[in-house]
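S.K.:
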Amino acid sequence: KLKPRDYPARGIDFYCGSYDKLQPKGALIYCDPPYLNTTGYKTGVFDHVKFWATMRKWSRRNVVVVSEYAFSAPADFAPIYTFQKRTGLRTKGGAQPVRGDALFMHAPAFARMSKEKKERLRAAVEQVEKMTAKVKGSK
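Start counting the sequence shown at 5; every next residue gets the next number (the numbering used here).
1) Entirely within the region 104 to 140 and at least 4 residues each: give me those alpha helix (DSSP H) ranges in chain order.
2) Give me the Cα-Cα distance between residue 61 and residue 79, rounded to the nearest whole angstrom.
3) Going along the chain, which residues of its own chain have a beta-carbon closer than 8 angstroms to the beta-carbon of residue 128, five neighbours each way excluded?
4) CA-CA distance, residue 30 and residue 67?
5) Using a threshold of 9 angstroms, state whether the C-beta atoms of residue 104 and residue 82 are closer than that.
6) Applying the 10 Å Cβ sphere with the 16-neighbour rule, what's the burial state of residue 19?
7) Report the three-state DSSP secondary structure of residue 81 (helix, strand or coil).
8) Please identify the residue among 34, 41, 46 and 23 whose C-alpha is closest to the C-alpha of residue 55.
9) Evaluate residue 87 with the Cβ neighbour count: other Cβ atoms within 10 Å of its Cβ, from every protein chain shown; 16 or more gives buried, anything less gives exposed.
10) Using 9 angstroms as the threshold, is the C-beta distance between residue 107 and residue 71 below it?
11) Between which two residues does the alpha helix (DSSP H) holding residue 68 run?
12) When DSSP labels each residue in this structure, what does residue 23 get in the three-state scheme?
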């Protein structure tokens, strides 16, 4: 469990659970669902179609950022930040392959944002990426 000293920003709430029970309004939301065509979570099959439909709906009243493989988000979601990431899996030779990941936003929502808000979002996304890497590393 995270403690306030584990992350530098104040006013950030982390929620780990089913997204379909939430009804956010006016929030910056970072989602890290099971990537498409992966084993997913232990809780069962993840409904990607329902998830993306919900992200479209949430994008009307929130800033929604979704982490996904660089090539697998729906066409109406635009990559706003791309990066290379080593996988947790190793090849038979012991190497850790690198894959392309991206953070996506619903394209119409991103297009409505001012240049200043896009820059602030980029800074916030970078901070969240650092914090989630720290959380994942503590498991």
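Even for Gly, the Cβ is constructed at its ideal location relative to N, Cα and C. Source: prediction; values computed, not measured.
M.R.: According to the structure data:
1) Correct list: 111 to 116.
2) Roughly 16 angstroms separates the two Cα atoms.
3) Take residue 128, set aside five residues on each side of it, and the residues of its chain with a beta-carbon closer than 8 angstroms to its own are 32, in chain order.
4) Each residue's Cα considered, the two are about 8 angstroms apart.
5) Taking 9 angstroms as the Cβ cut-off, residue 104 and residue 82 do not qualify as a contacting pair.
6) By the C-beta density criterion, residue 19 is exposed, having fewer than 16 other C-beta atoms within 10 angstroms.
7) Three-state result, residue 81: strand.
8) If we check each option's Cα against that of residue 55, 23 comes out closest.
9) Its Cβ having fewer than 16 others within 10 Å, residue 87 is exposed.
10) Against a cut-off of 9 angstroms, the Cβ pair of residue 71 and residue 107 comes out as a contact.
11) Premise fails: residue 68 lies in the beta strand (DSSP E), 67 to 73, not in any alpha helix (DSSP H).
12) DSSP places residue 23 in helix when its eight states are reduced to three.
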